[in-house]
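Residue numbers (our numbering), protein chains in the order written: chain U, 1 to 431; chain H, 1 to 431.
Here's the structure we're looking at; comments come further down.
2 protein chains.
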Amino acid sequence: MNAEIICIGTELVIGDVLNTSSQYIARKLAQRGLNVFYHTMVGDNPRRMQQIFETAVSRSDLIFITGGLGPTQDDITVQTVCDFFQLPLVENAESLANIKAYFARLGRKLTDNNLKQALVPQGATVFQNALGTAPGCAVEQDGKTVILLPGPPKEMQDMFDRSVEPFLEKYTDGIIRSHFVKIYGTGEAQVDAIMADLESGANPSVAPYAKDGEMYLRVTAKAQDQQQAEQMCTCMIEKIRQRVGDQQIYGIDVESLQQVVVDLLKDKGLTVATAESCTAGYISKRITEIPGSSAVFPMGVSTYSNASKQKLLGVRTDTLRQFGAVSPQTAAQMARGVRLLSGADIGLSITGIAGPDSDGSDKPVGLAYISLSDQSGEYVIKSQKGGFRDREYIRYTSASEALNLLRLYLLTFPQKFENEKFIKFQEKTID
Amino acid sequence: MNAEIICIGTELVIGDVLNTSSQYIARKLAQRGLNVFYHTMVGDNPRRMQQIFETAVSRSDLIFITGGLGPTQDDITVQTVCDFFQLPLVENAESLANIKAYFARLGRKLTDNNLKQALVPQGATVFQNALGTAPGCAVEQDGKTVILLPGPPKEMQDMFDRSVEPFLEKYTDGIIRSHFVKIYGTGEAQVDAIMADLESGANPSVAPYAKDGEMYLRVTAKAQDQQQAEQMCTCMIEKIRQRVGDQQIYGIDVESLQQVVVDLLKDKGLTVATAESCTAGYISKRITEIPGSSAVFPMGVSTYSNASKQKLLGVRTDTLRQFGAVSPQTAAQMARGVRLLSGADIGLSITGIAGPDSDGSDKPVGLAYISLSDQSGEYVIKSQKGGFRDREYIRYTSASEALNLLRLYLLTFPQKFENEKFIKFQEKTID
Chain U
1 MNAEIICIGT ELVIGDVLNT SSQYIARKLA QRGLNVFYHT MVGDNPRRMQ QIFETAVSRS
61 DLIFITGGLG PTQDDITVQT VCDFFQLPLV ENAESLANIK AYFARLGRKL TDNNLKQALV
121 PQGATVFQNA LGTAPGCAVE QDGKTVILLP GPPKEMQDMF DRSVEPFLEK YTDGIIRSHF
181 VKIYGTGEAQ VDAIMADLES GANPSVAPYA KDGEMYLRVT AKAQDQQQAE QMCTCMIEKI
241 RQRVGDQQIY GIDVESLQQV VVDLLKDKGL TVATAESCTA GYISKRITEI PGSSAVFPMG
301 VSTYSNASKQ KLLGVRTDTL RQFGAVSPQT AAQMARGVRL LSGADIGLSI TGIAGPDSDG
361 SDKPVGLAYI SLSDQSGEYV IKSQKGGFRD REYIRYTSAS EALNLLRLYL LTFPQKFENE
421 KFIKFQEKTI D
Chain H
1 MNAEIICIGT ELVIGDVLNT SSQYIARKLA QRGLNVFYHT MVGDNPRRMQ QIFETAVSRS
61 DLIFITGGLG PTQDDITVQT VCDFFQLPLV ENAESLANIK AYFARLGRKL TDNNLKQALV
121 PQGATVFQNA LGTAPGCAVE QDGKTVILLP GPPKEMQDMF DRSVEPFLEK YTDGIIRSHF
181 VKIYGTGEAQ VDAIMADLES GANPSVAPYA KDGEMYLRVT AKAQDQQQAE QMCTCMIEKI
241 RQRVGDQQIY GIDVESLQQV VVDLLKDKGL TVATAESCTA GYISKRITEI PGSSAVFPMG
301 VSTYSNASKQ KLLGVRTDTL RQFGAVSPQT AAQMARGVRL LSGADIGLSI TGIAGPDSDG
361 SDKPVGLAYI SLSDQSGEYV IKSQKGGFRD REYIRYTSAS EALNLLRLYL LTFPQKFENE
421 KFIKFQEKTI D
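What follows is the structure, given as structure tokens:
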């Protein structure tokens, strides 16, 4: 059964209002395994509306229309549907009572326009509007089902959850389950190459998304019951895990890298303090996005100036002079410094060049050194972000790199932390 | 000239990702007086894509297509357009160089998939991608213009502003100029009431937008030449300034509150250091978003734990015990503490309850105290954000409140800073 969604409203078409209803309905339909192939937005124009509606009926079985049910003369949806199916309009008593009660509550005067909203196509299943005046309805005729919903997103969502969901039960064929596999450290083209044979229209299907330096794979299975759908997803996720690598997958259905890091810190009973230069608070801000992060994050510092790196963290003058602020040596001293200053188990530091300009040396924009310090010493990695990306992207993805280093450390803990990317220092260049 | 917009992507059609590109393009076209009548979303399916494209060409003159330009096998937009107009694909040398440079900079291996992105329809006007690999282009044939843009919103928007806007000049009838008046500290309903008589379809038009606790008014004038359009905008902005208030308007066409703050600090030759509890790096992160902020921002601290407030900032134990961490007294000691620690001219602090849970006291979620310290003493204000909003909103808007306090201080500097919102302390409750 194929569905499509039409959203009516000149305010949508000219870009004054963002269309969120389309996504809301599409998600609900995807959860039911109903295919959605087309979404259309069109203004409050009878001719264009009619043309779009006729196209929709010709190619889809289940058509959702939002908007165009209001009390003004522009609201033309009900009329278009009635004309097409040659259905008369009839007054719905419950809707009329609803509208009268609504206006009485607000102490507003009822107009003829408002009363017009109580008219619905004959034979339709009527959905009452708990948050406004316009009722919705479903018209079933000639093997097609047309569902009319109000335009304001809150009214539409409330009506959908309350009335449309139960109405749709009869169309749901099987069960759909989706899971997100979240990947750090493997690029889009790389993941695509690894997963190419799995990405076609198979069941379960695998769809890749790239966002802010990370990759998500959505695994969707369709089956007769929930248990079977879940099992199909589990098998596919295991296959992905084998191909992409265990450590690259930072979570299934998890919110974010920082959520995983905070959870791991809690699990291992460890605390972290941050010392940031180029990202200057971005790592700290992301860790403390997570409710309850105060249990694992006592403090962070944004040591933007060299003087603050020296004063707060004890970075040595000769280190800054010899290697510069953006160096593995400075990163290591920052991480150790903030660990000792805070009393946290782990110090996490970053120093780099966020751009758009370089720091006057020959170091490229997007370069950063990231260090993690524990009682046994300091680990340092080099990170190079950027390409053509902007300062925001460089800062965000550099912060992600630091969070990911911490994640890998915590996964290993209390085993010794090993990674082929660690920078080996010449003797005595840290201290 | 009629335009329409097609957004390609299965992730859009099934509701995984909200389509924001459609609105972005529609607004830009509305500003130019180009009519948009239809928006369509369709998945990465060649047959359906072809059918939607043919319909679009049959009814519109100017067709925008976003998405389907990526390196994966699903990306089919260029092929569809070439098939329709019977155009061969040719390699674009600049795009190829762009892609190679992009991968070289990231140190990633280039795949054949990536190279495919350098192919464009013969004769097309190519738009280089400053933030990614896929170029965009415009194909002009048989009286139709088709503009292909990348799917990721940041890449699409950057390309639109940089390359598509100039390209569209030839389709624009008259000159349109727009300016954004950015307002802090006056709510949407308030602005709406003040501006009601100006907001209709007049020329210049005034359109209000509310975003993350701020208000923007877009002033758009249409005229025969640029000078006249600019003059019309200037008059309207002056009218808005008189009604909304001079201090409430933080800038015209400025990027952000933090941009204004950094500029003011530079102008006045002052530096600021931050001490954050509930926002834990958000203010620091926002100040350092601005290139060159290192000249005015030596350091910040995220003192999340009470121990770190005491150790780093010298907040007194009896203050924390008597008034709590979320109190005007603690805020004032934090601001003074970070000013003295950093040697900056100004200390800016915030301590509050970001939620979702309260701190166990009877203080409400969203409450924060914000303090600014200079040589003459400490100023403190109370902020209450939230309502039904989430942790992210509370943290963002509380950080904005702190940035705005700093802005008002800097506007006044070196005059004495006065504000009716300042909290007056009982004698000796700060020290």
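Built from N, CA and C at the ideal position, the CB exists for glycine as well.
TODO: Give every residue of the same chain whose Cβ lies closer than 7 angstroms to the Cβ of P204 of chain H, excluding the five residues on either side of it in the sequence, and list them in chain order.
DONE: So the list reads V219, T220, A221, M232, C233, M236, once near-sequence residues are dropped.
Open item on the list: Taking only three categories from DSSP, how would you classify R162 of chain U?
Closed with: It is helical.
Task: C-alpha distance - V261 of chain U paired with L406 of chain U, whole-angstrom precision - done: Cα to Cα, the separation comes out at about 7 angstroms.
Task: Contact residues within the stretch 293 to 305 of chain H, judged by C-beta distance below 7 angstroms to chain U - done: Within the stretch 293 to 305 of chain H, the residues whose Cβ lies closer than 7 angstroms to some Cβ of chain U are S294, F297, P298, M299, G300, V301, S302, T303, Y304, S305, listed in chain order.
Task: Partners in chain U for S342 of chain H, counting only beta-carbon separations shorter than 7 angstroms - done: Neighbours of S342 of chain H in chain U, taken as residues at a C-beta separation under 7 angstroms, are given in chain order as S308.
Task: Environment of N419 of chain U [buried if 16+ CB atoms lie within 10 Å] - done: Burial call: exposed.
TODO: Would you check if the distance between the CB atom of A354 of chain H and the CB atom of I394 of chain H is smaller than 7 angstroms?
DONE: Result yes, Cβ atoms of A354 of chain H and I394 of chain H sit closer than 7 angstroms.
- [ ] Determine the DSSP secondary structure at G67 of chain H, reduced to helix, strand or coil.
- [x] In this structure, G67 of chain H counts as coil in the three-state DSSP scheme.
TODO: Below 7 angstroms CB to CB, which residues in the same chain sit around A134 of chain H once its five sequence neighbours on both sides are set aside?
DONE: Result list for A134 of chain H: L69, G70, Q117, P150, in chain order.
Task: Given Y171 of chain U as reference, the closest of U:Y184, U:L89, U:K144 once Cα atoms are compared - done: Taking only the C-alpha atoms, the option nearest Y171 of chain U is U:K144.
- [ ] Would you please verify whether the beta carbon of P356 of chain H is less than 7 angstroms from any beta carbon of chain U?
- [x] Yes, P356 of chain H counts as interfacial toward chain U.
Task: Integer-rounded CB distance, given that G314 of chain H should sit under 8 angstroms from G337 of chain H - done: That pair is a contact at about 5 angstroms.
- [ ] Within its chain, find whatever has a CB closer than 6 angstroms to the CB of V17 of chain H; leave out the 5 residues flanking it on each side and keep chain order.
- [x] Correct list, in chain order: E11.
Open item on the list: I'd like to know if V42 of chain U contacts chain H, where contact means its C-beta is closer than 7 angstroms to some C-beta of that chain.
Closed with: So yes, V42 of chain U belongs to the interface.
Task: Positions along the stretch 266 to 289 of chain H whose CB lies within less than 7 angstroms of some CB in chain U - done: Result list: A280, G281, Y282, S284, K285, T288, E289.
Open item on the list: Quick check: is the beta carbon of I14 of chain U nearer than 7 angstroms to any beta carbon in chain H?
Closed with: Yes, its Cβ sits closer than 7 angstroms to a Cβ of chain H.
TODO: Measure the Cβ-Cβ separation of M215 of chain H and I183 of chain H and say whether it is below 7 angstroms.
DONE: Yes, the pair counts as a contact, with Cβ atoms nearer than the cut-off.
Task: Test: P364 of chain H CB closer than 7 angstroms to a CB of chain U - done: Interface with chain U (7 angstroms Cβ-Cβ cutoff): P364 of chain H is excluded.
TODO: Please name the residues in the stretch 184 to 195 of chain U whose beta-carbon is closer than 9 angstroms to at least one beta-carbon of chain A, in chain order.
DONE: Chain labels in this structure do not include chain A; the protein chains are U and H.
Open item on the list: Can you determine whether any heavy atom of the ligand GTP sits closer than 6 angstroms to the C-beta of F297 of chain U, and answer yes or no?
Closed with: Absence of the ligand GTP is noted for the structure shown, with no ligands found whatsoever.
TODO: Compare the C-beta of P88 of chain U with all C-beta atoms of chain H and state if any pair is closer than 7 angstroms.
DONE: No, P88 of chain U lies away from the interface with chain H (no Cβ there is under 7 angstroms from its Cβ).
Open item on the list: Please report the distance separating the alpha-carbon of I175 of chain U from that of E169 of chain U.
Closed with: I175 of chain U and E169 of chain U have their C-alpha atoms spaced approximately 11 angstroms apart.
Task: Outcome for N129 of chain H when other beta-carbon atoms lying within 10 angstroms are tallied against a minimum of 16 - done: The residue is buried, with at least 16 neighbouring Cβ atoms inside 10 Å.
Task: Within-7 angstroms CB hit, R27 of chain U to chain H - done: Chain H contact via Cβ: present.
TODO: Report the option in H:L29, H:F160, H:S22 whose CA atom is closest to the CA atom of N478 of chain H.
DONE: Absent from the structure is residue 478 of chain H, since the part of chain H shown begins at 1 and ends at 431.
TODO: Please look up how many angstroms separate the CB atoms of Q122 of chain U and L148 of chain U, rounded, as I've assumed it's under 8 angstroms.
DONE: So it is not a contact: roughly 14 angstroms between Cβ atoms.
Open item on the list: For R243 of chain U, would you say it is in contact with chain H, using Cβ-to-Cβ distances shorter than 7 angstroms as the test?
Closed with: So, not an interface residue.
TODO: Measure the alpha-carbon distance for Q227 of chain U versus L217 of chain U and round it to whole angstroms.
DONE: Roughly 21 angstroms separates the two Cα atoms.
Task: CA nearest to the CA of P356 of chain H, picked from H:R48, H:K385, H:I6, H:T412 - done: It is H:K385 whose Cα lies nearest to the Cα of P356 of chain H.
TODO: With distances taken Cα to Cα, identify the nearest neighbour of P328 of chain H among H:T303, H:K424, H:C7, H:Y304.
DONE: Of the listed residues, the one whose Cα sits closest to P328 of chain H is H:K424.
Task: Presumed contact (8 angstroms Cβ cut-off) between F297 of chain H and T303 of chain H, rounded CB distance - done: The pair is not a contact, with the Cβ atoms about 17 angstroms apart (cut-off 8 angstroms).
Task: Inside the stretch 108 to 189 of chain U only - beta strand (DSSP E) runs reaching at least 3 residues - done: Within the stretch 108 to 189 of chain U, the complete beta strand (DSSP E) segments at least 3 residues long are 119 to 121, 125 to 127, 136 to 141, 144 to 149, 175 to 184, listed from N- to C-terminus.
Task: L462 of chain H, buried or exposed, once every other Cβ within 10 Å from all chains shown has been counted against 16 - done: Because chain H in this structure spans residues 1 to 431, residue 462 of chain H falls outside the shown range and cannot be described.
Open item on the list: By the 9 angstroms beta-carbon criterion, what residues does the stretch 377 to 393 of chain U contribute toward chain H?
Closed with: For the stretch 377 to 393 of chain U, residues whose beta-carbon sits nearer than 9 angstroms to a beta-carbon of chain H comprise Q384, K385, G386, G387, F388, R389, D390, R391, E392, Y393.
Task: Backbone CA spacing between D192 of chain U and S256 of chain H [nearest angstrom] - done: Taking the straight line from one Cα to the other gives about 38 angstroms.
Open item on the list: By alpha-carbon positions, which one of U:I346, U:L312, U:K311, U:D362 ends up nearest to F323 of chain U?
Closed with: Nearest neighbour of F323 of chain U by Cα position, chosen from U:I346, U:L312, U:K311, U:D362, turns out to be U:D362.
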